[in-house]
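Participant: What follows is a single structure, and I will ask about it in a moment.
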Amino acid sequence: MHIAEGFLPPVHAVGWTIAAAPFVVHGARAVGKEVRERPESTLLLGAAGAFTFVLSAIKLPSVTGSSSHPTGTGAGAILFRPPVMALLGTVVLLFQALLLAHGGLTTLGANAFSFAVVGPWAGYAAYRLTRRCGGGLLGGVFAGMAVADLATYITTALQLALAFPDTESGLAGAAAKFLGVFAVTQIPLAIGEGLLGVLLFRVLTVNARPELERLGVLTPTPVLEPEKARVLEPEKARGTDDEEGQR
Amino acid sequence: MRRRHLTTALLVLAVVALFAVPLLLDGGSSEYAGTDSRATEVVQESAPDYEPWFESVFSPGSTEIESGLFALQAALGGVALGYVLGRLRGRRTAEQTTGRTTGQPEPDRA
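Chains U and F are the protein sequences, given in the same order.
Here the numbering used here is used: position 61 in the first sequence is 61, and no number is missing along the way.
Here the numbering used here is used: position 77 in the second sequence is 1077, and no number is missing along the way.
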């Protein structure tokens, strides 16, 4: 999904930068707010950033005989909502553009728009939809992570098609060509990323339950007043606990 | 608890298989070029006159250095992720231990 340095005409480079900038600024404020209002989230915020950092560094082989890398932006979008990922994703892209010659400064806007804006939002939408349809947390995580990955690459393909429409078949032809490069290769990676997301959230639901409840990812365990808790039958208290564990 | 571990093992196995099986079936006939560089080639094919108008500010001297830097990126992320998950797990273990010694609300006192 990294459009190489200099590979977008100046007008497109500027246009995508203008399009992505408000999201990134809003994202920076969202991160600041999160850290100020919920300092206990900082650890998980770090985990979300680290997850994207790892996954976007690993190039994996795919069925098409090409290799590509996952995005890992879905996890943070699910935990902290998409704006936070607009900042974290852009930081990752900046690191890669400056140190790895992967992506670039002129294409940072376009790449940020696909990787840090469209991916997280599409993934978050898929997550919410799956949960609303009764898919459960892990089902939602799988859908959210996979869709964030795919949506990022589809956006890149469309950005390239817009910049380089085919001389004969025009925009549609170019879109088909670039989607051919990215989309099929990305399907197994998206599935793999969904499974990795499930693994991550399985660990988090056990070890970071209070944070997930505060973030609204898990339904909080009914908080009982100490007096009420004592009045409750032990069996009943244990019963609700078990139910929570099942979710 | 055992079933939980089995599920974890199966998930990890599925991820590995997802990337190992295509490699095995392929038998070394593909180059596994990155899609990003493939896209650049497609641009050059469909718009041969296009000149990239900006160069990377810094390019790793060789593919070895480049993959080293990618490994560094993954390592940094892995360390951070491991640190957070380790701390969270340690916190939970500590809570369980203190809960056991101080005695959580005992049911028979109700």
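Glycine included, C-beta positions come from ideal geometry on N, C-alpha and C.
Just to confirm my understanding: we take Gly103 (chain U), look at its own chain, exclude 5 residues before and 5 after, and list those with CB closer than 6 Å. What are they?
Facilitator: Result list for Gly103 (chain U): His2, Leu93, Gln96, Ala97, Asn111, in chain order.
Participant: In chain U, which residues lie with their C-beta within 9 Å of the C-beta of Pro1121 (chain F)?
Facilitator: Because chain F spans 1001 through 1110 in this model, residue 1121 (chain F) falls outside it and cannot be assessed.
Participant: Counting pairs of Cβ atoms below 8 Å between the stretch 140-156 of chain U and the stretch 188-202 of chain U, do you hit three or more?
Facilitator: Yes: the two stretches touch, three or more of their Cβ pairs being nearer than 8 Å.
Participant: Just to confirm the assignment, what range does the alpha helix (DSSP H) spanning Arg114 (chain U) have?
Facilitator: The residue asked about is misnamed: residue 114 (chain U) is Ser in this sequence, not Arg. Element bounds for Ser114 (chain U): n/a, residue is neither H nor E.
Participant: So the candidates are U:Leu215, U:Leu8, U:Phe178, U:Leu45; which of them puts its Cα closest to the Cα of Leu108 (chain U)?
Facilitator: Of the candidates U:Leu215, U:Leu8, U:Phe178, U:Leu45, the one whose C-alpha sits nearest the C-alpha of Leu108 (chain U) is U:Leu8.
Participant: Can you confirm whether Gly245 (chain U), when its beta carbon is compared against all beta carbons of chain F, has any partner nearer than 7 Å?
Facilitator: Low confidence applies to Gly245 (chain U): its pLDDT is 45, below 50, so where it sits in the model is not reliable enough to give any reading.
Participant: Since Ser1037 (chain F) is in the alpha helix (DSSP H), which residue starts that stretch and which ends it?
Facilitator: 1035-1046 is the span of the alpha helix (DSSP H), which, as asked, contains Ser1037 (chain F).
Participant: Of all Cβ atoms in chain F, is any one closer than 7 Å to the Cβ of Ser169 (chain U)?
Facilitator: False, the Cβ-Cβ gap to chain F never drops below 7 Å.
Participant: Using alpha carbons as the reference points, say which of U:Glu193, U:Glu5, U:Pro82 lies closest to Ser1059 (chain F).
Facilitator: Closest option to Ser1059 (chain F), Cα to Cα, is U:Glu5.
Participant: Alpha carbon to alpha carbon, how far is Pro22 (chain U) from Val11 (chain U)? Give it in angstroms, no decimals.
Facilitator: Each residue's alpha carbon lies about 18 Å from the other.
Participant: Look at the Cβ atom of Thr113 (chain U), then the Cβ atom of Ala75 (chain U), and state whether they are nearer than 7 Å.
Facilitator: At residue 113 (chain U) the sequence reads Phe, which differs from the Thr that was named. No, the pair does not count as a contact, with Cβ atoms beyond the cut-off.
Participant: Please report whether the beta-carbon of Ala176 (chain U) lies at a distance below 7 Å from any beta-carbon of chain F.
Facilitator: Chain F contact via Cβ: absent.
Participant: Cutting at 8 Å between CB atoms, please list the residues of its own chain near Ser169 (chain U), excluding the five before and the five after it.
Facilitator: Correct list, in chain order: Ala176.
Participant: Would you say Leu1013 (chain F) touches the ligand NAP, meaning its beta carbon is less than 6 Å from a heavy atom?
Facilitator: Inclusion of the ligand NAP in the displayed structure is not the case, the ligand content being empty and no account of it being possible.
Participant: What would DSSP say about Pro1060 (chain F), mapped onto helix, strand or coil?
Facilitator: Note: Pro1060 (chain F) maps to coil in three-state DSSP.
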